[in-house]
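Written below as structure tokens is the structure these notes are about.
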Amino acid sequence: MRRAGELVVDRQVHAAEIARLHSHVVCWPTPSGCNIWTVAIGPDGYGRFYLTRDSVGFCVRPHRYALAIAGGSVAAGVLGLHECDNPVCVKIAADTDPHQHSVSGSQGDNMEWMARMRRGGGHAVRRCDSRGVRRERSVALCEAVRHSWDAAAVQAALLGDQPTLW
Ligand SMILES: [Zn+2]
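Just so we're on the same page, my numbering is the position in the sequence shown counted from 1, plus 495.
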């Protein structure tokens, strides 16, 4: 996997890639909800979007690709961060509400954000601190929406079994 190199997405040149990305996404039934990536999920719980350019195959995280669609490119070292704490969400934060969904940021921003979430800024979804739990949740969420929106299964995926920590 090519790690956080510069990713350029041109709406005309890469129109077929963009269409393919959208074909794998299911939108939440409410306007403020997440848009869910429904195919390949890596061991880290994040989606994988496979691309071939100039005969070279590589994969990127779909939410980072979505940021590149919105901005034309994402610079090397810049990641897509999830303010919604949903690794399979590919929705881009709206200017009107920058604290939603995917935003671009550095690894340092990511660390800061995770620390903030742990300090009590979290919300009523299962915490994704552990890689295994994160992947399990991502897969459950994709399964819940892939064929038709199953509200009960979505709820179960988000809340899951609360891990007992003490
Ligand atoms: Zn989201």
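Glycine included, every Cβ here is placed at the ideal spot set by N, Cα and C.
On the CB-based measure, 16 or more other CB atoms within 10 Å of its CB, does residue i come out buried or exposed?
| i | result |
| --- | --- |
| residue 583 | buried |
| residue 632 | buried |
| residue 557 | buried |
| residue 551 | exposed |
Do residue j and residue i come within 8 Å of each other at the CB atom, strictly closer than that value?
| i | j | result |
| --- | --- | --- |
| residue 588 | residue 601 | no |
| residue 502 | residue 559 | yes |
| residue 529 | residue 581 | yes |
| residue 517 | residue 534 | no |
Reducing DSSP to helix, strand and coil, say where residue i ends up.
| i | result |
| --- | --- |
| residue 503 | strand |
| residue 452 | Residue 452 is absent from the structure shown; the chain starts at 496 and stops at 661. |
| residue 640 | helix |
| residue 571 | coil |
| residue 589 | strand |
| residue 603 | helix |
| residue 464 | Summary: the structure shown does not reach residue 464, with the chain confined to residues 496 through 661, and so no result is reported for it. |
| residue 597 | strand |
| residue 630 | helix |
| residue 543 | coil |
Since residue i and residue j should fall inside the 8 Å C-beta cutoff, what is the C-beta to C-beta distance between them, to a whole number of angstroms?
| i | j | result |
| --- | --- | --- |
| residue 504 | residue 568 | 7 Å |
| residue 640 | residue 599 | The pair is not a contact, with the Cβ atoms about 25 Å apart (cut-off 8 Å). |
| residue 540 | residue 611 | Their Cβ separation, rounded to whole angstroms, is 20 Å, which puts residue 540 and residue 611 out of contact at 8 Å. |
| residue 532 | residue 576 | With 8 Å as the limit, residue 532 and residue 576 do not qualify as a contact, their Cβ atoms being about 16 Å apart. |
| residue 524 | residue 644 | 6 Å |
Give the straight-line distance between the Cα atoms of residue i and residue j, rounded to the nearest whole angstrom.
| i | j | result |
| --- | --- | --- |
| residue 578 | residue 653 | 15 Å |
| residue 647 | residue 655 | 11 Å |
| residue 536 | residue 562 | 18 Å |
| residue 564 | residue 507 | 11 Å |
| residue 629 | residue 555 | 18 Å |
| residue 665 | residue 649 | Any property of residue 665 remains undetermined from this structure, which presents the chain solely from 496 to 661. |
| residue 570 | residue 499 | 8 Å |
| residue 595 | residue 586 | 9 Å |
| residue 603 | residue 542 | 21 Å |
| residue 546 | residue 513 | 11 Å |
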